[in-house]
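K.L.:
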Amino acid sequence: MNEQVLGMLGALIAKEQDHALMPQDFAASETRFVRSSTRLSQPRMLGWKYFAFPAAMVLGGVGAIALWTKPRPMRFVIQGPSPVANGNGNIGVWVSAPETAPVPIQFADGTRVTVAAGARARIARADTEGVNIMVERGQLGFNVVHHDRTRWSIATGPFDVTVTGTEFDLKWQPEIESLEVAVHKGTVVVSGCQFVHGKDVRTNEVLRARCGDTISVTTTERADVTNEPVPVVATSSIVAADEATKSNSERPVHDAALDVLSPPGPRWQTLAQKGQYRVAYDVVDRQGFDAIAARASAADLSLLMDVARYAGQSVRAEMAARLLRSRYSGRSQAAIAAFTLGRLAFDQAQDYGNAGRWFRTYLKEQPGGALAREAEGRLMECLSRTGQTSEANQVAQQYLSRFPDGPHARLARVLLGFDR
Amino acid sequence: MSKISAPLSQQPAQNNSEVLPFPIRDSDVGLVAALRAGRADAATVLFDRHGRFIQRVLARVLGPDPELSDVLHDVFVEALQSLNHLEDPKCLRMWLTSIAVYSARGHIRRRKRRRIISYLPFHAVPQPAFLPRVEEWSQPLLVTYRVLDRMQNEERILFALRYIEKLELTEVAKAVGVSLATAKRRISKAQQHFFSLARQEPVLVEWMQEAGK
Numbered sequence: 071m072n073e074q075v076l077g078m079l080g081a082l083i084a085k086e087q088d089h090a091l092m093p094q095d096f097a098a099s100e101t102r103f104v105r106s107s108t109r110l111s112q113p114r115m116l117g118w119k120y121f122a123f124p125a126a127m128v129l130g131g132v133g134a135i136a137l138w139t140k141p142r143p144m145r146f147v148i149q150g151p152s153p154v155a156n157g158n159g160n161i162g163v164w165v166s167a168p169e170t171a172p173v174p175i176q177f178a179d180g181t182r183v184t185v186a187a188g189a190r191a192r193i194a195r196a197d198t199e200g201v202n203i204m205v206e207r208g209q210l211g212f213n214v215v216h217h218d219r220t221r222w223s224i225a226t227g228p229f230d231v232t233v234t235g236t237e238f239d240l241k242w243q244p245e246i247e248s249l250e251v252a253v254h255k256g257t258v259v260v261s262g263c264q265f266v267h268g269k270d271v272r273t274n275e276v277l278r279a280r281c282g283d284t285i286s287v288t289t290t291e292r293a294d295v296t297n298e299p300v301p302v303v304a305t306s307s308i309v310a311a312d313e314a315t316k317s318n319s320e321r322p323v324h325d326a327a328l329d330v331l332s333p334p335g336p337r338w339q340t341l342a343q344k345g346q347y348r349v350a351y352d353v354v355d356r357q358g359f360d361a362i363a364a365r366a367s368a369a370d371l372s373l374l375m376d377v378a379r380y381a382g383q384s385v386r387a388e389m390a391a392r393l394l395r396s397r398y399s400g401r402s403q404a405a406i407a408a409f410t411l412g413r414l415a416f417d418q419a420q421d422y423g424n425a426g427r428w429f430r431t432y433l434k435e436q437p438g439g440a441l442a443r444e445a446e447g448r449l450m451e452c453l454s455r456t457g458q459t460s461e462a463n464q465v466a467q468q469y470l471s472r473f474p475d476g477p478h479a480r481l482a483r484v485l486l487g488f489d490r
Numbered sequence: 005m006s007k008i009s010a011p012l013s014q015q016p017a018q019n020n021s022e023v024l025p026f027p028i029r030d031s032d033v034g035l036v037a038a039l040r041a042g043r044a045d046a047a048t049v050l051f052d053r054h055g056r057f058i059q060r061v062l063a064r065v066l067g068p069d070p071e072l073s074d075v076l077h078d079v080f081v082e083a084l085q086s087l088n089h090l091e092d093p094k095c096l097r098m099w100l101t102s103i104a105v106y107s108a109r110g111h112i113r114r115r116k117r118r119r120i121i122s123y124l125p126f127h128a129v130p131q132p133a134f135l136p137r138v139e140e141w142s143q144p145l146l147v148t149y150r151v152l153d154r155m156q157n158e159e160r161i162l163f164a165l166r167y168i169e170k171l172e173l174t175e176v177a178k179a180v181g182v183s184l185a186t187a188k189r190r191i192s193k194a195q196q197h198f199f200s201l202a203r204q205e206p207v208l209v210e211w212m213q214e215a216g217k
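Structure below.
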């Protein structure tokens, strides 16, 4: 046994661990951290040592009590066919319902949760003090039995839902980052994103929200007055849908209540896809560019970059592009962001040195990409404008061999002395 | 349909000027500046840029652990709260690694204490769903961490950082907060201790003999 063998053993373990660390778990950790980071105050200014002794005294006293009041695990049983990753009753259990059938979960306190077909969730915590369920996608039906000590909460994307003894359905669609909550009995509180102080959703109310985007609150009986600028509508179809749902008591998840929601108002993404960049930018601006950029997916961030650029907001376009580069490094959108940064430096700042570096980055990351011809042509232009003649000639030769009829072909021939 | 507007006091003030945030630079210096300025998007960038590495470091040190994501979360929360202690922003990654090592050490200590209190055998510790079940890990991995469980925390951390994560000696020294010479000496000691314990494990003995051929 020597150091080389130890190195091999270490490599084997590292490889196995890397394979086991799932990307979705990393994404969940990131969401959790980003959410909690907004609640953190400024960095601590006083050293821990000033508080260590009093804290130790207090903790010593409290410690003994805490041992006696330690929460006990709450057992639960996952019923029906389900390719769950672990056995019943374990914390952290992952429930992935098959596409054809729902998966009911029965908790020891009488609460019943139904994971609808195709939905996925994880039971992050289950003890006598609280139960926390993280919903990755799809619809879940809840029939929570309220106990004084047990706090029920559900985490979905950027939102948290706190339950206070109730019957409701929840649907999370990560592709469009949409949360829908239909409460049949009792109250839940939705927090996160625009709901800084929490939003109550009561009996017979349905809430539909996207982070920082359109919200609708519909009700079967009355329009609820809120402090937020949201359209409040009374929808008769909701009543029918709700009654139809209630009549079918066997159905574990009330699909109808959620499906009848009216579509949301125009989203900035929809406006941008229609080419209405200025209007889209106005919507983004009203909702907060920083907040949207901070939570955007790679595709949304790429679209946001285009929206800002076409709306003439080059500083914000640059900000979105740099976020894309840092957050989604290695993806095609990050390469396109490099091209955009080059174009902004070229067109807006006339900073040809910087622009050239970004075009080179694009070509390195996407040598056969859709923008390769444009990037190579612009790179040649940058090199020529900054007096780097030999490099410019080299790129000109490459350009002519790859794109003899390209828009920069004439410049290439001039640089090489073929044309005047 | 009726529309209820927010009270005037809640509407944003109309203003012709606006302050635009400067994009976070690719460097850690820019990122630290943004974090210290309280930029909302800086925390996301921090986690994006360093989260995977820190997650790996924790996995190496802790082994299969149901609370890995909790410890990862704690490391970044601690980092945000202690940012004023970071002297050189260029060393952000190493600084995060040292927080990760510190958190991992505390977690191992608590884990051992809990195991004693709960009288749980090794295999009875619940596994998280996102990691394979105990029986799904390879035997060399399980036995290696069983051996590491029997070593002192400091030795375990040094061993994991050096031989599993394969950090440079200087990086290991910085991560555990000792001099290079001390790190070398302790790694050598950890290696000897590991070998002496590994000889009692038939799985490891067999694996190492195969690997040594």
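Each protein sequence line maps, in turn, to chains A and S. If you want this note's numbering, it's the 1-based position in the first sequence plus 70. If you want this note's numbering, it's the 1-based position in the second sequence plus 4. Virtual Cβ for every residue (Gly too), placed ideally from N, Cα, C. Everything numeric in this text was worked out from a predicted model, so none of it was measured.
1) Buried or exposed for LYS178 (chain S), going by 16 or more other Cβ atoms inside 10 Å?
2) I believe VAL75 (chain S) touches ALA47 (chain S) by the beta-carbon criterion, under 8 Å. Please report the beta-carbon distance rounded to the nearest angstrom.
3) For ASP329 (chain A), count neighbouring C-beta atoms within 10 Å of its own C-beta (all shown protein chains included) and say buried if the count is 16 or more, exposed if not.
4) Less than 8 Å separating the beta-carbons of PHE212 (chain A) and VAL233 (chain A)?
5) Assuming the contact rule is C-beta atoms closer than 8 Å, TYR432 (chain A) and GLY412 (chain A) should be a hit. Round their C-beta distance to whole Å, please.
6) Can you tell which of A:ALA194, A:GLN176, A:ALA381 has the C-alpha that lies nearest to the C-alpha of ILE224 (chain A)?
7) Output the distance between the C-alpha atoms of ARG219 (chain A) and ASP179 (chain A), rounded to the nearest integer angstrom.
8) Using only the alpha-carbon positions, how far apart do ALA293 (chain A) and THR257 (chain A) sit?
9) For chain A, check one thing: does any of its Cβ atoms lie closer than 8 Å to the Cβ of TYR106 (chain S)?
10) Please confirm whether PHE51 (chain S) and ARG97 (chain S) have their CB atoms less than 8 Å apart.
11) If you reduce the DSSP assignment to three classes, tell me which class TRP141 (chain S) lands in.
12) Any beta carbon of chain S sitting closer than 8 Å to that of SER513 (chain A)?
13) Given this structure, state the Cα-to-Cα distance separating ALA37 (chain S) from ARG207 (chain A), to the nearest angstrom.
14) In whole angstroms, give me the CA-to-CA distance for GLN339 (chain A) and ALA350 (chain A).
15) Determine whether the Cβ of HIS111 (chain S) lies closer than 8 Å to any Cβ atom of chain A.
16) Does the beta carbon of GLN467 (chain A) sit closer than 8 Å to a beta carbon anywhere in chain S?
17) How would you call ARG53 (chain S), buried or exposed, if buried means at least 16 neighbouring beta carbons within 10 angstroms?
18) Cα separation between PRO299 (chain A) and GLN264 (chain A)?
19) What is the rounded straight-line gap between the Cα of TYR422 (chain A) and the Cα of GLY487 (chain A)?
20) Taking the C-alpha atoms as reference points, what is the distance between GLU214 (chain S) and GLU158 (chain S)?
21) Round the Cβ separation of ASP197 (chain A) and MET144 (chain A) to the nearest angstrom and send it over; I've been treating them as touching at under 8 Å.
22) Check for me: the beta strand (DSSP E) holding GLY34 (chain S) runs from which residue to which?
23) Might you give, ordered along the chain, the residues of its own chain that have their beta carbon closer than 7 Å to the beta carbon of ARG60 (chain S), omitting 5 neighbours on each side?
24) Could you round the C-beta distance between LEU84 (chain S) and SER99 (chain A) to whole angstroms and report it? I think they count as a contact, below 8 Å.
25) Using a Cβ cut-off of 8 Å, pull out every chain S residue sitting near PHE96 (chain A), in sequence order please.
26) Residue range of the beta strand (DSSP E) that ALA46 (chain S) falls in?
P.N.:
With the structure as the only source:
1) buried
2) Not confirmed; about 18 Å, so no contact.
3) Because the pLDDT at ASP329 (chain A) is just 40, under 50, the model does not fix this residue reliably, and the value given afterwards should be weighed accordingly. Looking at its Cβ environment, which holds fewer than 16 other Cβ atoms inside 10 Å, ASP329 (chain A) is exposed.
4) yes
5) 7 Å
6) A:ALA194
7) 11 Å
8) At ALA293 (chain A) the pLDDT is 31, less than 50, meaning the model places this residue with poor confidence and gives no usable figure here.
9) no
10) no
11) coil
12) What the structure shows of chain A is the stretch from 71 to 490, and residue 513 (chain A) is not part of that stretch, so it cannot be assessed.
13) 36 Å
14) 7 Å
15) no
16) no
17) buried
18) At PRO299 (chain A), the pLDDT of 34 sits below 50, so the modelled position is not reliable; the number obtained from the coordinates is stated separately. Going by the C-alpha atoms only, they are around 11 Å apart.
19) 22 Å
20) 29 Å
21) 5 Å
22) Note, GLY34 (chain S): premise wrong, no beta strand (DSSP E); alpha helix (DSSP H) at 32-40.
23) GLU169
24) In fact, because the Cβ distance is near 14 Å, the residues do not count as touching under 8 Å.
25) GLY55, ARG56, GLN59
26) Not the beta strand (DSSP E): ALA46 (chain S) falls in the alpha helix (DSSP H), residues 46-66.
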